[in-house]
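Undergrad:
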Amino acid sequence: MIRAKVDPDEVTFTGLLSACSHSGIWQKGSCCFEYISQYKSSSMKLQHYICMVDILDRCGKLEEAEELIKNMQVKANSTGLLASLSACRMHSNLELAERATKSILDHLEPHCNAAYVLLSKYICFCGVRHEFVSGDRSHPLIEKINQKLDGLGGKLKVFGYVPDERFALHDVEDEQKQEVLSYHNERLPIAFALATTAKGSTITVMKNLCMWRLP
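Just so it is clear: in the sequence shown, position 66 is 76 by the working numbering, and no numbers are missing.
#1: So that I know if they touch, is there some Cβ in chain D lying closer than 8 Å to that of R68?
#2: Closest by CA to L198, which one among S53, E141, T24 and N103?
#3: Can you tell me whether F23 is buried or exposed, with buried defined as 16 or more other CB within 10 angstroms of its CB?
#4: In chain order, what residues of the same chain have a beta carbon less than 6 Å from the beta carbon of A75, not counting five sequence neighbours either side?
#5: Just the Cα atoms here: how many angstroms apart are C69 and H32?
#6: Could you check where the alpha helix (DSSP H) with E196 kicks off and where it finishes?
#7: Give the secondary structure of G170 by DSSP, where H, G and I count as helix, E and B as strand, and everything else as coil.
#8: Rounded to whole angstroms, what's the CA-CA distance from S96 to L151? Just pull it up for me.
#9: State the start and end residues of the unbroken alpha helix (DSSP H) segment that holds K112.
#10: Between the Cα of L106 and those of W36, K71 and I35, spot the shortest distance and give me the residue it belongs to.
#11: Cβ atoms of Y59 and V84: under 8 Å apart, would you say?
#12: For a test of the three-state rule: what should DSSP assign to H32, helix, strand or coil?
#13: Of the residues L104, S113 and C30, which one's Cα is nearest the Cα of K131?
#14: Within 10 angstroms of the Cβ of T206, are there 16 or more other Cβ atoms? Answer buried if so, exposed if not.
#15: Can you list, in chain order, the residues of its chain with a C-beta nearer than 6 Å to that of F43? Leave out the 5 residues immediately preceding and following it.
#16: Where are the beta strand (DSSP E) runs, 3 residues long or more, that stay fully inside the stretch 72-101, in chain order?
#17: Are the CB atoms of S88 and L118 within a distance shorter than 8 Å?
#18: So for I155, helix, strand or coil by DSSP?
#19: Taking the Cβ atom as the reference point for each residue, do A125 and I114 lie within a distance shorter than 8 Å?
#20: From what residue to what residue does the alpha helix (DSSP H) around M62 run?
#21: Taking A208 and L162 to be in contact with their CB atoms under 8 Å, please state how far apart those CB atoms are, rounded to whole angstroms.
#22: Could you tell me which of E20, K38 and C98 sits nearest to L56, measuring between CA atoms?
#23: Given this structure, state the Cα-to-Cα distance separating D116 from M11, to the nearest angstrom.
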């Protein structure tokens, strides 16, 4: 197009960069991006940066992608960091995955579900995860967790909270029903987070199962 003296527009550049990304052609993608930066800076859009970030991520150049995101000349969104976060699993870079997630949640999109999902999948892929089951005492910090739950339970009672025993689905005595509810597997991860994070830290609990009490 250039040789034919046809001026390429931003859509053309997006198509070129996207093709380089999906083909894994890092050098040609870099040349194209550099051309836009030097000669067509007015045509430089967010999607061009995202394509270049994707090119770098696919080639394992995660740090360069992170630097490019930091130095964007246009207003950023979470898309580029999500692309890097997805690539972190492929290239086994947990440190960068944590940084990308923090940047998304702290500065760009505080309630970005995709960031939580991608990071949790990667952490599980690395074998780092915590599982909580009601009545299970195998967790190495179970004593600390139970102490936190006992403290919270005492505070709740001061405010008049009484466990609804109808949610205790086990056929046990009333006293045991309250114990089951107090150490429920949905409470355990909250207590774990409170016991192992600094005061004032944000705690996000995500679950893929909802239980509803029918009338």
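Note that CB positions come from ideal geometry on N, CA and C, so glycine has one too.
TA: Result, derived from the coordinates:
#1: Absent from the structure is chain D; it holds one protein chain and no more.
#2: E141
#3: buried
#4: V63, L66, D67 and S94
#5: 11 Å
#6: It is not in any alpha helix (DSSP H) - E196 carries neither H nor E in the DSSP assignment.
#7: coil
#8: 31 Å
#9: Here the alpha helix (DSSP H) through K112 covers L104 to S113.
#10: Residue K71 is the option with its Cα nearest to L106.
#11: yes
#12: Looking at H32 - three-state DSSP - the assignment turns out to be helix.
#13: L104
#14: Counting the other CB atoms within 10 Å of its CB gives T206 a total below 16, which places it among the exposed residues.
#15: Cβ contact annotation for F43 (same chain, cutoff 6 Å, sequence separation greater than five): M62, in chain order.
#16: If only complete runs of 3 or more residues are kept, the stretch 72-101 shows no beta strand (DSSP E) anywhere.
#17: Yes, they are a contact pair.
#18: helix
#19: yes
#20: L56 to R68
#21: Contact check for A208 and L162: beta-carbon distance about 17 Å, past the 8 Å limit, so the pair fails to qualify.
#22: E20
#23: Spanning the two alpha carbons is a distance of roughly 43 Å.
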